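Chains as they are written, first to last, in this note's numbering: chain A, 13 to 163; chain B, 13 to 163; chain C, 13 to 163; chain D, 13 to 163.
Written as structure tokens, this is what we have:
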């Protein structure tokens with residue numbers, strides 16, 4: 013099972029080559045994670061509740077930190093005033109980290125433009141201690157477990 | 013008459029103070045202009061047609077360049093996973109430039125967070141010559157003419 | 013008396029028109045302020061001390077917030093792998109806000125590309141109360157008082 | 013042999029967690045590549061010549077495109093008004109792509125904050141054809157060949 017989220021591109025995401033800049037693709041994926049799992053607790057103000065509040069229900073003082081990114085660009089992603097379509101799933105849940113997998117599609121042609129994975133761990137902001145993923149969170153994520161994009 | 017556009021904020025628009033960074037407010041306004049007037053011709057690929065295609069129907073090789081910005085921050089804009097609501101109108105149309113006016117509102121509280129104006133002129137990319145605003149464009153913009161935000 | 017700071021542009025500051033994007037000009041000015049007045053207290057970690065530590069010596073829990081920006085773009089700023097040269101001075105000191113003025117120059121041609129002003133006020137992060145500018149700060153800024161860029 | 017480049021961080025690179033945002037780390041690496049190999053030909057205007065002009069001497073109409081990124085964050089990178097120190101080398105040269113490897117260090121503590129690799133291929137902007145890496149470029153890169161960061 014995959015979540016499909018639509019993330020608007022911004023005109024300013026384009027670089028001098030006239031495509032969405034490769035770094036901004038990762039910004040768009042950051043937003044896709046937040047569409048899927050909610051805004052990290054303790055940042056911003058409340059908006060819509062999401063179905064799978066993995067980030068928005070973190071205990072007070074916890075930070076969701078990216079520990080690894082991997083992204084493969086297949087064809088240039090072009091700016092359109094139509095949101096990019098992004099499929100999000102989970103490719104691995106370990107003791108203390110989860111790996112989010114994504115595929116980004118051009119919203120008009122349907123072409124797959126990039127695939128990526130992001131590993132995230134949860135830390136106490138103060139002590140820097142890593143939090144273990146709870147059994148409850150693992151159960152919430154289970155239906156979205158799928159194939160890794162790499163290897 | 014004012015256009016109302018909804019521009020999603022991004023989690024990454026926040027800075028170390030935990031609010032939407034003042035510079036990113038201008039990025040959000042750039043996107044508001046494009047929601048209202050269409051993506052500048054010659055950049056990106058086609059998406060949705062907009063009602064008031066001031067930018068998207070520019071002649072080939074023309075650039076819509078910002079010549080002045082003015083923005084007043086009233087209260088901090090906070091990130092939410094709900095788009096910011098932005099009212100867009102035109103506060104002045106001169107021979108060779110138009111001034112777009114905006115007000116940004118928190119989408120939950122309805123609080124007005126910032127007001128701004130952007131003056132834009134149209135240039136031939138090659139020669140750098142300024143284009144005069146056509147009578148047709150002036151007529152299109154006429155219903156959206158309103159009060160300036162400054163002075 | 014004006015401070016001259018050199019702020020590196022980034023390749024990614026360019027947009028699809030191939031110039032430094034107008035919004036990124038404001039990001040570069042943010043960095044110019046910090047070169048001149050130090051990183052805002054309570055953010056980041058220590059680096060070099062600056063001569064005029066207006067921001068870096070703010071009392072604990074205080075935020076330096078932009079209340080107004082005004083910027084006039086004279087000629088497009090082009091990316092070079094040489095820092096932009098920026099003159100920084102103070103165009104006004106009021107009871108509870110200061111206005112920083114700037115002029116940005118192409119580092120190779122010496123052409124003035126933009127002029128700008130930013131008004132900043134200091135707030136207690138918690139209470140939102142505005143802080144008055146101390147006599148000591150006013151004395152530090154006095155030698156850098158100069159002509160406003162607007163009006 | 014490794015190139016060492018110093019890339020200034022920007023205050024605005026911090027996110028709501030108060031560290032340099034993980035996406036901005038990739039923006040800083042983009043700048044590190046350009047410090048090392050020169051600004052891509054056909055973008056921006058001339059500045060300083062670099063020792064190893066792999067990007068700046070690309071044939072007309074060629075684009076250097078990122079085809080893959082991989083980055084591992086070891087400890088949070090903190091903003092300082094001192095440039096991040098980045099070691100850059102080449103971990104692989106294939107027929108039609110090169111892989112740049114990097115390690116980013118805190119400029120004060122010397123702590124290694126992240127390691128990364130970026131694969132780049134060269135395309136004709138018009139036709140989309142991939143360019144083969146010339147024998148001359150391979151010879152230029154040979155002294156900077158080193159260990160991969162991953163596997």
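Cβ coordinates follow ideal geometry from the N, Cα and C atoms, glycine included.
Bear in mind the structure is a predicted one, so any value in this text is a computation, not a measurement.
Of all residues in the region 38-71 of chain D, only 38, 39, 41, 42, 52, 54, 55 and 56 place a beta-carbon less than 9 Å from a beta-carbon of chain A.
Using a Cβ-Cβ cut-off of 8 Å, residue 97 (chain D) does not count as an interface residue toward chain C, since no Cβ of chain C sits closer than that to its own.
Straight-line measurement puts the Cα of residue 97 (chain D) at about 30 Å from the Cα of residue 30 (chain A). Around residue 91 (chain A), no beta-carbon contact reaches into chain D at under 9 Å, the shortest distance being about 16 Å. Apart from the 5 residues on each side of it in sequence, residue 91 (chain A) sits with its Cβ closer than 7 Å to the Cβ of 21, 23, 25, 26 and 32 in its chain, given in chain order.
With at least 16 other beta carbons inside 10 angstroms of its own, residue 35 (chain A) counts as buried. Residue environment analysis places residue 149 (chain D) among the buried positions, since at least 16 neighbouring C-beta atoms fall within 10 angstroms of its C-beta.
Ranking C:77, C:93 and C:84 by CA distance to the CA of residue 87 (chain B) puts C:77 first. For residue 47 (chain A), the uninterrupted alpha helix (DSSP H) run begins and ends at 34-49, by DSSP. Residue range 147-153 is occupied by the alpha helix (DSSP H) that includes residue 153 (chain B). Residue 112 (chain C) is a Cβ neighbour of residue 100 (chain C), given a cutoff of 8 Å. Residue state for residue 156 (chain C) is assigned as helix, using DSSP reduced to three classes. By the C-beta criterion, the region 48-56 of chain D is judged not to be in contact with the region 39-48 of chain C, since fewer than 3 inter-stretch pairs fall below 8 Å.
At a Cβ-Cβ threshold of 8 Å, residue 89 (chain D) and residue 127 (chain D) do not count as neighbours. Closest in C-alpha terms to residue 43 (chain B), from the list B:73, B:95 and B:147, comes B:95. Look at residue 19 (chain A): its C-beta is not under 8 Å from any C-beta on chain D. At a cut-off of 8 Å between beta carbons, residue 82 (chain A) contacts chain D.
Neighbours of residue 138 (chain B) across chain A, judged by C-beta separation under 8 Å, do not exist; the nearest C-beta is about 17 Å away. With respect to the 8 Å criterion, residue 153 (chain C) and residue 110 (chain C) are classified as neighbours on the basis of their beta carbons. A distance below 6 Å between beta-carbons, with the five flanking residues on each side excluded, links residue 108 (chain A) to the following residues of its chain, in chain order: 133, 142 and 144. Excluding its 5 nearest sequence neighbours in each direction, residue 81 (chain A) has C-beta neighbours in its own chain below 6 Å: 130, listed in chain order. Residue 162 (chain C) and residue 120 (chain B) have their C-alpha atoms spaced approximately 35 Å apart. The beta carbon of residue 156 (chain B) lies closer than 6 Å to those of 13, 101 and 102 in the same chain, with the five residues before and after it left out. Chain B has a Cβ within less than 8 Å of the Cβ of residue 35 (chain C).
Restricting attention to beta strand (DSSP E) runs no shorter than 3 residues, the region 79-140 of chain D encloses them at 96-105, 109-117 and 124-136, ordered along the chain. 8 Å or more divides the Cβ of residue 72 (chain C) from the Cβ of residue 59 (chain C).
Proximity of residue 75 (chain D) to chain A, defined by a Cβ-Cβ separation below 8 Å, is satisfied. The continuous stretches of beta strand (DSSP E) do not include residue 161 (chain B), and DSSP gives it neither H nor E.
The beta-bridge partner set that DSSP reports for residue 76 (chain C) consists of C:134. Neighbours of residue 26 (chain C) in chain D, taken as residues at a C-beta separation under 9 Å, are given in chain order as 55 and 56. Annotation: residue 114 (chain D) to residue 41 (chain D) spans about 8 Å, alpha carbon to alpha carbon. Look at residue 30 (chain C): its C-beta is under 8 Å from a C-beta on chain D. Rounded to whole angstroms, the gap between the alpha carbons of residue 123 (chain A) and residue 28 (chain C) is 22 Å. A check of alpha carbon separations from residue 19 (chain A) across A:118, A:159, A:105 and A:160 identifies A:118 as the nearest.
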